[in-house]
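Using our numbering, read the sequence shown as starting at 680 and increasing by one per residue. See below for the structure under consideration.
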Amino acid sequence: MSSPSKPTSPFVDDIEHESGSASNGLSSMSPFDDSFQFEKPSSAHGNIEVAKTGGSVLKRQSKPMKDISTPDLSKVTFDGIDDYSNDNDINDDDELNGKKTEIHEHENEVDDDLHSFQATPMPNTGGFEDVELDNNEGSNNDSQADHKLKRVRFGTRRNKSGRIDINRSKTLKWAKKNFHNAIDEFSTKEDSLENSALQNRSDELRTVYYNLPLPEDMLDEDGLPLAVYPRNKIRTTKYTPLTFFPKNILFQFHNFANIYFLILLILGAFQIFGVTNPGFASVPLIVIVIITAIKDGIEDSRRTVLDLEVNNTRTHILSGVKNENVAVDNVSLWRRFKKANTRALIKIFEYFSENLTAAGREKKLQKKREELRRKRNSRSFGPRGSLDSIGSYRMSADFGRPSLDYENLNQTMSQANRYNDGENLVDRTLQPNPECRFAKDYWKNVKVGDIVRVHNNDEIPADMILLSTSDVDGACYVETKNLDGETNLKVRQSLKCSKIIKSSRDITRTKFWVESEGPHANLYSYQGNFKWQDTQNGNIRNEPVNINNLLLRGCTLRNTKWAMGMVIFTGDDTKIMINAGVTPTKKSRISRELNFSVILNFVLLFILCFTAGIVNGVYYKQKPRSRDYFEFGTIGGSASTNGFVSFWVAVILYQSLVPISLYISVEIIKTAQAIFIYTDVLLYNAKLDYPCTPKSWNISDDLGQIEYIFSDKTGTLTQNVMEFKKCTINGVSYGRAYTEALAGLRKRQGVDVESEGRREKEEIAKDRETMIDELRSMSDNTQFCPEDLTFVSKEIVEDLKGSSGDHQQKCCEHFLLALALCHSVLVEPNKDDPKKLDIKAQSPDESALVSTARQLGYSFVGSSKSGLIVEIQGVQKEFQVLNVLEFNSSRKRMSCIIKIPGSTPKDEPKALLICKGADSVIYSRLDRTQNDATLLEKTALHLEEYATEGLRTLCLAQRELTWSEYERWVKTYDVAAASVTNREEELDKVTDVIERELILLGGTAIEDRLQDGVPDSIALLAEAGIKLWVLTGDKVETAINIGFSCNVLNNDMELLVVKASGEDVEEFGSDPIQVVNNLVTKYLREKFGMSGSEEELKEAKREHGLPQGNFAVIIDGDALKVALNGEEMRRKFLLLCKNCKAVLCCRVSPAQKAAVVKLVKKTLDVMTLAIGDGSNDVAMIQSADVGVGIAGEEGRQAVMCSDYAIGQFRYVTRLVLVHGKWCYKRLAEMIPQFFYKNVIFTLSLFWYGIYNNFDGSYLFEYTYLTFYNLAFTSVPVILLAVLDQDVSDTVSMLVPQLYRVGILRKEWNQTKFLWYMLDGVYQSVICFFFPYLAYHKNMVVTENGLGLDHRYFVGVFVTAIAVTSCNFYVFMEQYRWDWFCGLFICLSLAVFYGWTGIWTSSSSSNEFYKGAARVFAQPAYWAVLFVGVLFCLLPRFTIDCIRKIFYPKDIEIVREMWLRGDFDLYPQGYDPTDPSRPRINEIRPLTDFKEPISLDTHFDGVSHSQETIVTEEIPMSILNGEQGSRKGYRVSTTLERRDQLSPVTTTNNLPRRSMASARGNKLRTSLDRTREEMLANHQLDTRYSVERARASLDLPGINHAETLLSQRSRDR
């Protein structure tokens, strides 16, 4: 048997590797999969060691390492603490140098059992010993493609000092794309280890060293690192200064029309094709390309500015220590000059901004104050700010966690003594490097292997392993809202071996390296090994690293003074950037479909040119001699040759049939539309000083065709502000609130919610003032702050005074004390008023609970070394906390155990367990005998009432333990807490034992504040036919409550729950795939009578109406991963969601969000919009047709990568319903008209070719060909697309049903395009043949007898009719007539006549000389012009008039009402989603608002009747035309009115879950009796006695009262 394998180490080559210090079976270069093995090198390999990993081959030089002797660590000292808040580290203070403590030596090894594979010794042939690892993958690894390695040696040279100047991309690199995509198709495998290389590169292992030289096998022959890592500089722009020109030109010439015109320019350069001036002909294309490039550059520059803001953010990087992991480039002189200029310009700009603007001066002053405050706090070395008055103490799971302050220095040392010298990373025998300090630097300069220190409230600049924090136990809090959407703070733990590091001096005394997996997209997974050499025996020590030890870029450090970490991933390798993907280049749907229209015109062009070539060739053959003098040189002389040349001459002649000016016109139009959106003051957010900012200017018309909106929840629909609103104590309900969900419920009941809401809020405000006065008179509460009071109940203040008896008073006091004790929040002094304490909580719910207890006189003011300090009505009391049982998603509860001293010192103390959690969880753990049944029923009914109002409910309970019971339990708890494996599971089992037999204290109700106008916005979008899906990373119960609050869900819905596991789905199978498939299939079959076939999907693609059933889908991330796996499963899931009114996807990853968007967009062929505010929404935003980012305190990444940036969610309603509809209708009318006017002009040339054998001669004078599109007809069409409005913005918001025309794609389709083309053909016949017949053979002559039959003179007649007809046609087709548009119609005609007069007056016009005087002076000209224009326009407008009178569209009916003044009551710019909108009192009852408006047939020709619920502020009499309706106008009433809910639904109608047992019947009877008594005593509000939503499976947040009570009856 060979000797054990030796790890690859930067130290000695023959280090003994003890079994207790195994490194998870991984060598320093080993990959993290079981298929890794070292092969015995053959003679062909020489001294090269070959490592295989899943088919990959890693080659490295195996050279012996230098021996580093192990120092004697008999004594080491602690040298003090760094100044954590200064920009640069300074020498330790003298007073700290005096606080040196001796650290004891003892053995302590770190268990590293992380991986399951085993090491098997193999024979060694020298150099390195070979290790073979058991392969658990089987043959799967054989299918993986080998990673090829390639050398890049160009550009490497020596400079004068002998150092290599690196001007190369990589020395040794993987042959792969450096490209991250959000997700491929619908796959969600980026969250697993099986995904493609684009998302999952975890097998690309990296080893990062600190303060150690790289092993020689990681260096190339020049001594430079082989590994090349991406810079931390990010770029969300499409272009760089270097790539802008070629990339933009390439993108523009993806447009087939541009390629076509380029080919024509090349042809025109040959004289044989008869182009008079090829250079002049190229001007239009050049101008178009230049203008488009300028537009694209300006558009992309906005993203550049945001990129610069992120990349130039400051952080603290350790300097003075060489980073061996990256090669330092020698920057060229040009780059230095460029960087210096850039920095100088930035400094100048910042100087003027800070000194010449009021905002800049204020910001500068605030910055100085903040810096002074931080320096003052950092140098005080007293207890940290959050706990100034009571000592420094933070609660952990079961023991205190002191902060690292001066008074706790001795405790810090004793904490450090618990680890031996081998386990502590700091080698205190080494001398610290005096040049090592933390210096400010930019994010873009952060490199892999750097040590970075982040301060409180700073964002993490890169993915880094947490080494140490300001807390002794190495914990810190991070906010991941910008990454995964979750609002609660997460605890991250530093490595045990490194948490003693507290200063730059400490870090310089360490040497270690990290073996890390490669980058991948999974936000919740990471594996690595942290290794160092034991300073006592020289062994290699190892500590496993997981996701809890990793700080991810995009997170924000909270409630922690500082955190120190080692950068492991930068730039594109960070998880946030991998999930973000590449900024896509989007094209609107009309632009994509326009290519088909262009192809049709090319077909027509080919037919015309082919005809011309054939005719000309045949004519040449028939009359050969007559053309001998006009041969084309040596290539002439045959019919086929002349026909071929004539074909290309015709292509050049008829090229305007595919108008080159169309594309630049569209670009100009979309730019103008983007400017209008940007300057819309009604989309301006004054609070943020942020307008709606278009970032992609070419997709504005897509805003008018949106059918699906995918929205994030946190920060998008909500403000992430929790407010305590109600509570129930001892069966008594306290609190008054009028929530958004309640307003929506009352609206559906037929109540005028504005009047009721205003009345309720006025009464609440009065009660609030009364309550404040009583609270001030009751006690001297030093922490009372009236501005923070959200819980309004004067009754609870009276009960606290004892007005309802001693028992109720004690119940209220006990309840509030439980709120003040059972939590994990921290407090710190307020910046402006240090006497006030700010609450810092892991979740906003806890903050709301503790804050409400504070307002009512039970103030948590901090922690001591033995417990918590609570100020009760002005008197401080200390409570000893024995244990804190933390909350997690599986337990759904948290508890704290308080020690209650005995009455006398001799009495045995007791332990009181206080537990709070989900109502269903608490009810299932209540004692069966000690809780009053009536009290439980009342509380359950109150909780049901709160849930109906959209409030988040929790319950509080307690259990009193004897001291002996507690001691027996805590022993088992300590054992579980010390377990190495399955610690979480063991702790859950132990806590489950004690959290039973509880006594109910009461329940709470918290409102998650929505953003302004969210419910109204969602209601308007639904009426417009837009479906809203909520995709959130938050938990299920939170998403459901928000769904009810914002009216996405309502109480009469049935919720179809799809989940992959749980007790209630065991009947569907044990495999998650089988469970999800069976659930979805069951719902489709039972609810909708569908099987999920391809035919049903095809039918669903044609149906664009709102779902008829009242269902909603609730699905979590695990089930969604299964639902998106496989074509059949995706089809069934999509059909299920398509037939439901609402879809909520909870606990989903960023890539899953993108997968859902792509599934809907591609499968249903619909237009999608995604809206979010955080980095976790970027992939979704980029995957949708239109991405909208919400600007705020968070989410810069979402704004940078979006197409439109807005300040609040409600602005998306105006953006879509107003600007989107306008842009779509304008462009949909402009494009066919552009083709139409060119068809008239071009086909006139074709008709003329009939009479000259298509010899290529021009009917028009050459300048007409240029100015026809440029000056004669283009301006009216462009103004139509820029300024036209079918109805005003007010009407568009009040009648959102008008938007559905865009969803049905009725304004733009190929049928409409063909009709315009046929109309153009007809009018071209009129334009040519009327003048031709009038002037044929000099039928009309001038007074001087001069003929007017010259082709140029006839061309004037043709052009005049065409120009006049086109301009009047545009004017008649647009909805908005005003003086501005009329002016430009007249100017276009004036330009035609003016240019003709001016040009013909010059002798340079040759044959056209004096043409204007000869043509315009003839009365026959004006007669032909009038008759020609009349015959051109008469058929079209006759048909339009008949259709409008007898078959009017919805828009035409609404326009009649608008012009009649039916909407005059509403001010201009009226927005129903604006909370501050003026009240319109003259409205009709609700019964007038339920009539439907029918929509026309779909674009596929199928008629679909759709229900339309008109906005409640619009009298239905308007839509019925009761106020002076005209004959012939009607509104279809194909649907009956929707039944309304009665204000009070009797209890007999409430839904009941069937209970077969007699106990269930008895429970239901008892609950009904209690309900009736409470209704009679006004203890329940009859307004809320409506049906609660029903769920197909158990779902938190929607349980009925009887369901809660039934929890107690379950066997435990």
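All residues carry an ideal CB built from backbone N, CA and C; glycine is no exception.
Identity of the residues DSSP links to residue i by a beta bridge
i       : result
Phe2036 : DSSP output for Phe2036 lists no bridge partner at all.
Asp1795 : Cys1825
His1134 : Trp1241
Trp1376 : Looking at the DSSP assignment, Trp1376 forms no beta bridge with any residue, so it has no partner.
Phe1248 : Asp1142
Gly1207 : Ser1195 and Val1224
Ala1636 : Cys1594 and Leu1679
Gln1559 : Gly1546 and Lys1578
Ile1885 : Ile1869
Thr2244 : Its beta-bridge partners do not exist; DSSP assigns none.
Test item: CB-CB of residue i and residue j under 8 angstroms
i       : j       : result
Asp1797 : Lys1832 : no
Phe1939 : Thr1847 : no
Leu1382 : Pro1370 : no
Val1277 : Val1337 : yes
Met1573 : Lys1544 : no
Ile1793 : Val1744 : no
Tyr1947 : Phe1920 : yes
Ile967  : Tyr1333 : no
Val1529 : Ala1499 : yes
Per-residue DSSP class, three states only, for residue i
i       : result
Asp809  : The pLDDT assigned to Asp809 is 34, lower than 50, so where the model puts this residue is not dependable; a value taken from the coordinates is nonetheless given after this. Of the three classes helix, strand and coil, the one that applies to Asp809 here is coil, per DSSP.
Ala1416 : coil
Pro2010 : helix
Arg885  : strand
Trp1708 : strand
Ile2159 : coil
Ser2271 : coil
Lys1300 : helix
Gln906  : Note on identity: in this sequence residue 906 is Ala, with Gln being the wrong assignment. Ala906: coil per DSSP, three-state reduction.
Leu1977 : helix
Ser1147 : strand
N-terminal and C-terminal residue of the beta strand (DSSP E) that residue i is part of
i       : result
Met1401 : Thr1397 to Ile1408
Val1170 : Leu1168 to Gln1172
Gly1541 : Tyr1537 to Ser1542
Ser998  : Arg993 to Ser998
Gly1851 : Met1846 to Gly1851
Any non-hydrogen atom of the ligand FAD within 7 angstroms of residue i CB
i       : result
Asn2085 : Annotation note on the ligand FAD: not contained in the displayed structure, which lists no ligands.
Start-to-end residues for the alpha helix (DSSP H) that takes in residue i
i       : result
Arg2122 : Pro2098 to Phe2125
Lys1181 : From DSSP, Lys1181 is part of no alpha helix (DSSP H); its letter is neither H nor E.
Count the C-beta pairs between the segment 994-1004 and the segment 1117-1134 that are closer than 8 angstroms, then say yes if the count reaches three, no if not.
Taking one beta carbon from each stretch, the segment 994-1004 and the segment 1117-1134 have 3 or more pairs nearer than 8 angstroms; the two touch.
Touching by the beta-carbon criterion (3+ pairs, under 8 angstroms), the segment 1689-1696 and the segment 1773-1784:
Fewer than three beta-carbon pairs drawn from the segment 1689-1696 and the segment 1773-1784 are found closer than 8 angstroms, and the two stretches are therefore not classed as touching.
How about the segment 1850-1870 and the segment 1824-1842: do they share at least three Cβ pairs that are nearer than 8 angstroms?
Yes: at least three Cβ pairs fall under 8 angstroms.
Counting Cβ pairs, one atom from each stretch, are 3 or more of them under 8 angstroms apart for the segment 1504-1514 and the segment 1534-1541?
The count of Cβ pairs closer than 8 angstroms, one atom from the segment 1504-1514 and one from the segment 1534-1541, reaches three, so the stretches are in contact.
Can you confirm whether the segment 1651-1661 touches the segment 1431-1449 when touching is taken to mean that 3 or more C-beta pairs between the two stretches lie within less than 8 angstroms?
Counting C-beta pairs with one atom in each stretch, the segment 1431-1449 and the segment 1651-1661 have fewer than three that are closer than 8 angstroms, which means they do not touch.
Would you check if there are 3 or more beta carbon pairs closer than 8 angstroms linking the segment 1993-2011 to the segment 2101-2108?
Counting Cβ pairs under 8 angstroms, three or more are found: they touch.
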